[in-house]
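Colleague: Got a structure here, written out as structure tokens. Questions coming.
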Amino acid sequence: MSAELVSVIKTPRYGREEAVAAVRRHFAALGVEEQVGPATRALVKPNLLMKRAPEGATTTHPDLVYAAVVCLQELGVWEIVIADSPGGPYTESALRGIYRACGMEEVARDTGARLNFDLGEGERENPAGVKAKKFAVIAPICRADFIVDVAKCKTHCMTTLSGGVKNLFGSIPGLQKPRMHYRFPETEDFSQMLLDLCGAVRPDLVLVDAVECMEGDGPSSGVKKQVGLTLCGRSPYAVDECLCRLMGFSPEQVATVRLARERGLFGGEVALTGDEGALQNRHFQRPRSSTVDFMAGVPAPLRRPARWVMRTLFTPRPLIDTAACVGCGKCAESCPPQTIVLEGGKARIQRERCIRCYCCHEMCPVGAIRVSKNILTKH
0 MSAELVSVIK TPRYGREEAV AAVRRHFAAL GVEEQVGPAT RALVKPNLLM KRAPEGATTT
60 HPDLVYAAVV CLQELGVWEI VIADSPGGPY TESALRGIYR ACGMEEVARD TGARLNFDLG
120 EGERENPAGV KAKKFAVIAP ICRADFIVDV AKCKTHCMTT LSGGVKNLFG SIPGLQKPRM
180 HYRFPETEDF SQMLLDLCGA VRPDLVLVDA VECMEGDGPS SGVKKQVGLT LCGRSPYAVD
240 ECLCRLMGFS PEQVATVRLA RERGLFGGEV ALTGDEGALQ NRHFQRPRSS TVDFMAGVPA
300 PLRRPARWVM RTLFTPRPLI DTAACVGCGK CAESCPPQTI VLEGGKARIQ RERCIRCYCC
360 HEMCPVGAIR VSKNILTKH
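No gaps in the numbering here: position 77 of the sequence shown is 76 in numbering that gives the first Met the number 0, and each next residue is one more.
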């Protein structure tokens with residue numbers, strides 16, 4: 000398997016001019032002009048996890064989305080849709096609020112790109128899927144013939160990192176996402192499903208916003224980290240491999256990256272172009288739920304029981320800070336097994352039913368849910 004090309008460009012700060020210059024270099028390095036034209040129906044799919052301003056480093060910065068749209072237009076593409084299915088309900092009012100908060104309204108207004116309000120869904124298949132071969136996806140995914148996956152470089156409490164592969168989870172409509180968490184509560188199985196989904200959606204390009212990243216308890220409650228890079232590649236697996244290098248995580252400790260290698264989706268070889276010397280270990284703080292991957296050295300037949308022991312005895316749990324809880328119910332709404340109840344205007348987790356997917360931690364708008372320390376690693 001030949002090396003996958005990944006473009007790395009120093010992008011020290013946000014700003015539309017800087018972002019467009021960086022994305023032009025990415026597109027030129029990857030020969031995007033050979034893939035698109037006036038007949039192309041393009042989808043730009045950012046990470047719009049929640050209603051939060053770009054300064055929070057939770058969502059893809061609008062300047063990178065703007066740059067992706069403008070650079071596609073420079074190559075003759077005129078039909079461009081910006082779409083994502085954020086956490087929580089997939090409704091027009093929810094989308095409108097998130098587009099406004101995340102800066103997407105300005106991008107659409109200033110470029111002529113269209114914001115998606117089509118709440119319909121279609122189906123995409125991956126016959127080679129390990130955990131799932133068919134997926135319900137938001138309608139724009141099915142209509143597009145060129146998909147740009149515009150991810151945000153973040154840590155993630157369940158998958159360790161959120162990059163090109165994890166960003167495609169936003170292809171699944173609304174509250175169907177918690178159902179997937181419920182079907183696949185273990186990190187290993189969930190990561191297999193994400194790879195199946197990636198093979199079904201088949202993004203044509205992955206552009207990563209690593210200008211301002213998130214470390215610690217991502218994807219929404221971590222700490223902003225200045226890095227000053229953008230990355231771009233055709234293979235989401237290769238791009239995520241590069242993010243491991245950037246964040247200081249071993250590929251063996253990131254299930255989606257390790258499993259992509261094991262499944263032959265990616266051979267592990269990357270050819271860097273651009274400012275390749277800038278791709279150095281930036282020593283990201285890991286999420287507290289993340290531990291060393293003890294499964295890497297466990298024989299395959301023993302991995303499931305060993306994983307049960309690790310999960311039952313040592314996996315961190317979400318904890319609610321009742322003083323900070325405002326009783327909005329977002330955690331209960333997003334909980335796959337419906338194990339969170341509101342009592343006296345405060346959330347309470349029924350621990351015996353908690354699958355430790357950390358959706359509640361991810362979706363809490365006020366940071367009232369933290370992840371307990373791991374007793375092995377003392378994070």
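Ideal Cβ placement from N, Cα and C applies to all residues, glycine included.
Since this is a predicted model, take the numbers as computed values, not measurements.
1. Could you tell me whether the stretch 124 to 132 touches the stretch 155 to 171, where touching means 3 or more Cβ pairs closer than 8 Å?
2. Excluding the five sequence neighbours on either side, which residues of its own chain have a C-beta within less than 6 Å of the C-beta of T59, listed in chain order?
3. Given a threshold of 16 other Cβ atoms within 10 Å of its Cβ, counted over all protein chains shown, does I8 qualify as buried or as exposed?
4. Taking the straight line between their C-alpha atoms, what separation do you get for G266 and V340?
5. So K224 is in the beta strand (DSSP E); what residue range does that whole segment cover?
6. Under three-state DSSP, which class holds D208?
7. Enumerated in chain order, which unbroken segments of the alpha helix (DSSP H) with a length of 4 residues or greater are wholly contained in the stretch 119 to 166?
8. Could you tell me the distance, in whole angstroms, from the CA atom of L258 to the CA atom of D62?
9. Report, in whole angstroms, the separation of the C-beta atoms of L228 and T10, which I expect to be a contact under 8 Å.
10. Name the DSSP beta bridge partners of V9, please?
11. Let me check one thing: in DSSP terms, what residues is A41 bridge-paired to?
12. Evaluate H282 with the Cβ neighbour count: other Cβ atoms within 10 Å of its Cβ, from every protein chain shown; 16 or more gives buried, anything less gives exposed.
13. So, with DSSP's three-state summary, where would you put P61?
14. I want to see whether chain B comes within less than 9 Å of M157, judged by CB atoms only; does it?
15. When DSSP labels each residue in this structure, what does V365 get in the three-state scheme?
16. What are the uninterrupted segments assigned as beta strand (DSSP E) that are 3 or more residues long and contained completely in the stretch 332 to 360, given in chain order?
17. Going by DSSP, what residues sit across from V269 in a beta bridge?
18. Could you compute how far the alpha carbon of V43 sits from the alpha carbon of R182?
19. Can you give me the C-alpha to C-alpha distance between V68 and P300, rounded to a whole angstrom?
20. Helix, strand or coil for M49? Go by DSSP, reduced to three states.
21. Please determine if the stretch 66 to 81 and the stretch 28 to 38 are in contact, where contact requires at least 3 C-beta pairs separated by less than 8 Å.
22. Considering only C-alpha positions, which residue in the set G111, D109 and S170 is nearest to I137?
23. Return yes when the Cβ of D239 is within less than 9 Å of the Cβ of V253, no when it is not.
24. Measure from the alpha carbon of S234 to the alpha carbon of each residue in T159, V256, E211 and A346, then state which is nearest.
25. From what residue to what residue does the beta strand (DSSP E) around P317 run?
26. Around the C-beta of N115, are 16 or more other C-beta atoms found within 10 angstroms, so that it is buried, or is it exposed?
27. Give me, in chain order, the residues of the same chain whose beta-carbon lies closer than 6 Å to that of G366; leave out the 5 immediate sequence neighbours on both sides.
28. Checking the sheet assignment: what are the DSSP bridge partners for R379?
29. Is V370 helix, strand or coil by DSSP?
30. For E275, I'd like the list of residues in its chain whose CB is within less than 6 Å of its CB, leaving aside the five on either flank, ordered along the chain.
31. Cβ of S288 within 9 Å of Cβ of Y236?
32. Might you give, ordered along the chain, the residues of its own chain that have their beta carbon closer than 6 Å to the beta carbon of L318, omitting 5 neighbours on each side?
33. List the whole-angstrom C-beta distance separating V19 from C70, where the pair is believed to meet the contact cut-off of C-beta under 8 Å.
34. DSSP has E214 in a bridge; who is on the other side?
35. Between which two residues does the alpha helix (DSSP H) harbouring H282 extend?
Modeller: Straight from the coordinates:
1. no
2. P45, N46, V149, K151 and D208
3. buried
4. 45 Å
5. V222 to G232
6. strand
7. 138 to 142
8. 32 Å
9. 6 Å
10. It should be pointed out that residue 9 corresponds to Lys in this sequence rather than to Val. Partner(s): L228.
11. I79 and F145
12. exposed
13. helix
14. Reference to chain B is not applicable here, since this structure consists of a single protein chain.
15. coil
16. 339 to 342 and 345 to 348
17. E3
18. 28 Å
19. 47 Å
20. coil
21. yes
22. S170
23. yes
24. V256
25. P317 to I319
26. buried
27. S220
28. Residue 379 is absent from the structure shown; the chain starts at 0 and stops at 378.
29. strand
30. V7
31. no
32. R369 and S371
33. 7 Å
34. V222
35. No alpha helix (DSSP H) holds H282; DSSP gives it neither H nor E.
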